[in-house]
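J.: The structure under discussion is supplied below as structure tokens; questions concerning it will follow.
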DNA sequence: TGACGAAACGAACGTTCGTACTATTGTCGG
DNA sequence: CCGACAATAGTACGAACGTTCGTTTCGTCA
């Protein structure tokens, strides 16, 4: 159980990069094998099907997301600072992948294709949305946000900005995306406060 | 030049639906041929390459977008009513495709892949962003929006909501997306007004 | 009606896809 | 150091990919 898990991890590392630029479907087994310097069959043995590979890639992404975004944000003070931290860490995390957030790509690819991949995406995205909603609710409780703020709506607006940032950055590539998104987010925070 | 253009149009019609659900790359020539009841080679003859087919599909989408969103909105009164119309027509237009806005899918697929398709996406998306910015600027001039509003930022926020709506709708499929998005948009309008 | 160009066809090209088998290598505990 | 077993490579498969080819059907006008 030693060596195998290591190579599997290395494969998923490389797969995450490829999936972020090419998508989960274009992430081909032959291509991935060449990228990590293995034979197609040798790599294939680690995952018993392409669908399992796709799922494993998303699970690896989840793990990184928790480690890079969720956990560090939970260490921040409750309320607005934590909301702000979630946003900051999201921006950082997105930049860690050459093709941007792998979830973004995967959701577009699979939101109309039923199966275990779509199910997994739905589940994790719900969790992320719940976490955001909860963070907003706490900010209300703490008195940072106005009492009549709807946490769910706030979470949606938050997510919209995150998605929009991703798209703007990768399409225009003019370096203005981060400033623009920060401005929009500050405005969102403004209207969320008392 | 009669018959050929007709079938070409019919092909692109079907292709638009398929591309919105499957993506421009998964929109396979063989699959499309089967969908329209033609032979692969017969269909292929209309476009001299797959890249040309993809480009033609996007051009067909552009045409529909102008006819369904831009033009009718320009008939509305200048200022906020026109901005509102742009948003309303966007929501309608998006619903006309089984897999949602074909641009959304295409941008995610091609934003990291240089070529004529990406170039075309960049160009049309810039046009759309410019149109939105211009509409916001007019609303400022008319006194509907506050004088210090930044039209470009507003256009970005607008687009973010549109993208977010698309994703929410197709992933969750719980029927709450439109209400949620309208609420967020109303809030955006509120903060844009005096 | 005959002829001619446009449009659609069927078959085949070489390549790559995901997956199934079998063989070879590598890594450890006795 | 060796046997067991995990890990990787090799080979082959049927199907689908984009593309090309030569041929056949269709539409139109002399």
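Protein chains in written order, with the numbering used here: chain A, 314 to 507; chain B, 314 to 507. Just so you know, even glycine gets a beta-carbon here, dropped at the ideal spot from N, CA and C.
1. In the DSSP output, which residue or residues are listed as bridge partners for residue 378 of chain A?
2. Quickly, what does DSSP pair residue 506 of chain A with across the bridge? List them, please.
3. If you compare alpha carbons, which of A/331, A/349, A/498 is closest to residue 414 of chain A?
4. Indicate whether the contact test is met: 3 or more Cβ pairs, each with one atom in the stretch 465-478 of chain A and one in the stretch 438-445 of chain A, closer than 8 Å.
5. When the distance is taken between beta carbons, is residue 430 of chain A closer than 9 Å to residue 329 of chain A?
6. Tell me where the alpha helix (DSSP H) around residue 466 of chain A begins and ends.
7. At a Cβ threshold of 9 Å, is residue 328 of chain B touching chain A?
8. Please state if the CB of residue 480 of chain B and the CB of residue 476 of chain A are separated by a distance shorter than 9 Å.
9. Could you give the DSSP three-state label for residue 359 of chain A: helix, strand or coil?
10. Counting beta carbon pairs with one atom in the stretch 488-507 of chain A and one in the stretch 332-341 of chain B, are three or more of them shorter than 8 Å?
11. Residue 457 of chain B touches chain A at which residues, Cβ-Cβ below 7 Å?
12. Kindly say whether residue 415 of chain B, judged by its beta-carbon, lies nearer than 9 Å to any beta-carbon of chain A.
13. Output needed in chain order: residues of the stretch 335-349 of chain A with a Cβ under 9 Å from some Cβ in chain B.
14. Chain B partners of residue 500 of chain A, CB-CB under 7 Å?
15. Along chain B, in chain order, which residues have C-beta atoms closer than 9 Å to that of residue 466 of chain A?
16. Do residue 497 of chain B and residue 468 of chain B come within 9 Å of each other at the CB atom, strictly closer than that value?
17. Please identify the residue among A/322, A/432, A/454 whose C-alpha is closest to the C-alpha of residue 376 of chain A.
18. Given a threshold of 16 other Cβ atoms within 10 Å of its Cβ, counted over all protein chains shown, does residue 482 of chain B qualify as buried or as exposed?
19. Report back the beta-carbon spacing between residue 416 of chain A and residue 374 of chain A to the nearest angstrom; my notes put them in contact at under 8 Å.
20. My output table needs one value for residue 323 of chain A: the three-state DSSP class, helix, strand or coil.
21. Along chain A, in chain order, which residues have C-beta atoms closer than 7 Å to that of residue 404 of chain B?
22. Could you run through the stretch 435-446 of chain A and flag, in chain order, every residue whose CB is less than 7 Å away from some CB of chain B?
23. How long is the line joining the alpha carbons of residue 378 of chain A and residue 384 of chain A, rounded to whole angstroms?
24. Going along the chain, which residues of its own chain have a beta-carbon closer than 7 Å to the beta-carbon of residue 437 of chain A, five neighbours each way excluded?
25. Just how far apart, CA to CA, sit residue 478 of chain B and residue 344 of chain A?
26. Given this structure, state the Cα-to-Cα distance separating residue 486 of chain A from residue 447 of chain A, to the nearest angstrom.
27. Using the Cα positions of residue 457 of chain B and residue 399 of chain B, report the straight-line distance between them to the nearest angstrom.
28. Please go through the same chain and pick out, in chain order, the residues whose beta-carbon is closer than 6 Å to the beta-carbon of residue 464 of chain B, but skip the five residues on each side of it.
29. Considering residue 343 of chain A, what are the terminal residues of the alpha helix (DSSP H) in which it resides?
30. Is the beta carbon of residue 325 of chain A closer than 9 Å to that of residue 382 of chain A?
31. Identify each residue in the stretch 364-393 of chain B for which the Cβ-Cβ distance to at least one residue of chain A is less than 9 Å, and report them in chain order.
32. When you compare only the Cα positions, how much space is there between residue 362 of chain A and residue 341 of chain B?
33. Could you work out which residue in B/433, B/408, B/401, B/393 is closest to residue 488 of chain B when comparing CA atoms only?
34. Just confirm the distance between the C-beta atoms of residue 428 of chain B and residue 364 of chain B, as a whole number of angstroms; I'd bet it's less than 8 Å.
35. Rounding to the nearest angstrom, what Cα-Cα distance links residue 314 of chain A and residue 359 of chain A in this structure?
36. Can you confirm whether residue 399 of chain B, when its beta carbon is compared against all beta carbons of chain A, has any partner nearer than 9 Å?
T.: Let's see:
1. On the first chain, residue 378 of chain A is found 65 positions in, with the first residue counted as 1. Looking at the DSSP assignment, residue 378 of chain A forms no beta bridge with any residue, so it has no partner.
2. In the first chain, counting from the first residue as 1, residue 506 of chain A sits at position 193. Paired residues: A/458.
3. Within the first chain, numbered from 1, the residue matching residue 414 of chain A stands at position 101. If we check each option's Cα against that of residue 414 of chain A, A/331 comes out closest.
4. yes
5. In the first chain, counting from the first residue as 1, residue 329 of chain A sits at position 16. In the first chain, counting from the first residue as 1, residue 430 of chain A sits at position 117. Taking 9 Å as the Cβ cut-off, residue 329 of chain A and residue 430 of chain A do not qualify as a contacting pair.
6. As a working note, residue 466 of chain A is residue 153 in the first chain. Unbroken alpha helix (DSSP H) run through residue 466 of chain A: 464-485.
7. For the purposes of this step, residue 328 of chain B is taken as the residue at position 15 of the second chain. No, its Cβ sits nowhere closer than 9 Å to a Cβ of chain A.
8. The residue labelled residue 476 of chain A in the question sits at position 163 within the first chain. The residue labelled residue 480 of chain B in the question sits at position 167 within the second chain. Yes, Cβ-Cβ distance for residue 476 of chain A and residue 480 of chain B is below 9 Å.
9. If you number the first chain from 1, residue 359 of chain A lands on position 46. Coil, per DSSP.
10. no
11. Your numbering for residue 457 of chain B matches position 144 in the second chain. In chain order: nothing, as chain A lies at least about 18 Å away.
12. Against the second chain, residue 415 of chain B aligns to sequence position 102. Chain A, which has no Cβ nearer than 9 Å to the Cβ of residue 415 of chain B, makes this no.
13. 335, 336, 338, 339
14. Residue numbering aside, residue 500 of chain A sits at position 187 when the first chain is read from its first letter. Residues of chain B passing the Cβ test: 504.
15. In the first chain, counting from the first residue as 1, residue 466 of chain A sits at position 153. In chain order: 493, 496, 497, 500.
16. Stepping through the second chain from its first residue, residue 468 of chain B is reached at position 155. Stepping through the second chain from its first residue, residue 497 of chain B is reached at position 184. Going by C-beta atoms, residue 468 of chain B is not nearer than 9 Å to residue 497 of chain B.
17. Residue 376 of chain A sits at position 63 when you count from the first residue of the first chain. The shortest C-alpha separation from residue 376 of chain A is found at A/322.
18. Here residue 482 of chain B corresponds to residue number 169 of the second chain, with the count starting at 1. Counting Cβ neighbours within 10 Å, residue 482 of chain B comes out buried, since at least 16 surround it.
19. Stepping through the first chain from its first residue, residue 416 of chain A is reached at position 103. Stepping through the first chain from its first residue, residue 374 of chain A is reached at position 61. Their Cβ separation, rounded to whole angstroms, is 6 Å, which keeps residue 416 of chain A and residue 374 of chain A in contact under 8 Å.
20. The residue given as residue 323 of chain A occupies position 10 in the first chain. Helix at residue 323 of chain A.
21. Counting from one through the second chain, the residue named residue 404 of chain B turns up at place 91. Under the 7 Å cutoff, chain A gives no residues; its nearest Cβ is about 14 Å from residue 404 of chain B.
22. 435, 438
23. To locate residue 378 of chain A, count along the first chain from 1; it is residue 65. To locate residue 384 of chain A, count along the first chain from 1; it is residue 71. Approximately 9 Å between the Cα atoms of the pair.
24. Along the first chain, one-based indexing puts residue 437 of chain A at 124. Around residue 437 of chain A: 375.
25. In the second chain, counting from the first residue as 1, residue 478 of chain B sits at position 165. In the first chain, counting from the first residue as 1, residue 344 of chain A sits at position 31. Their Cα atoms are separated by approximately 34 Å.
26. For the purposes of this step, residue 486 of chain A is identified with residue 173 of the first chain, where counting begins at 1. For the purposes of this step, residue 447 of chain A is identified with residue 134 of the first chain, where counting begins at 1. Approximately 33 Å, taken between the alpha carbons.
27. Residue mapping note: residue 457 of chain B aligns to position 144 of the second chain, counting from 1. Residue mapping note: residue 399 of chain B aligns to position 86 of the second chain, counting from 1. Approximately 16 Å between the Cα atoms of the pair.
28. The residue labelled residue 464 of chain B in the question sits at position 151 within the second chain. Counting only Cβ-Cβ distances below 6 Å, and skipping sequence neighbours, we find 446, 449, 450.
29. Numbered from its first residue, the first chain carries residue 343 of chain A at position 30. Counting along the chain, the alpha helix (DSSP H) containing residue 343 of chain A begins and ends at 342-349.
30. For the purposes of this step, residue 382 of chain A is taken as residue 69 along the first chain, with counting starting at 1. For the purposes of this step, residue 325 of chain A is taken as residue 12 along the first chain, with counting starting at 1. For residue 382 of chain A and residue 325 of chain A, no; Cβs fall outside 9 Å.
31. none
32. As a first step, residue 362 of chain A is located in the first chain; it is residue number 49 there, counting from the start. As a first step, residue 341 of chain B is located in the second chain; it is residue number 28 there, counting from the start. Distance between the alpha carbons of residue 362 of chain A and residue 341 of chain B: 22 Å.
33. On the second chain, position 175 is the one that residue 488 of chain B refers to. Cα-wise, what sits closest to residue 488 of chain B is B/408.
34. Taking the second chain and counting its residues from 1, the one referred to as residue 428 of chain B is at position 115. Taking the second chain and counting its residues from 1, the one referred to as residue 364 of chain B is at position 51. The pair is a contact, with the Cβ atoms about 7 Å apart (cut-off 8 Å).
35. Here residue 314 of chain A refers to the residue found at position 1 of the first chain. Here residue 359 of chain A refers to the residue found at position 46 of the first chain. Residue confidence is low: residue 314 of chain A scores 48 on pLDDT, short of 50, so the model does not pin down where it sits. No coordinate-derived value is stated.
36. As a working mapping, residue 399 of chain B is identified with position 86 in the second chain. No, no contact with chain A.
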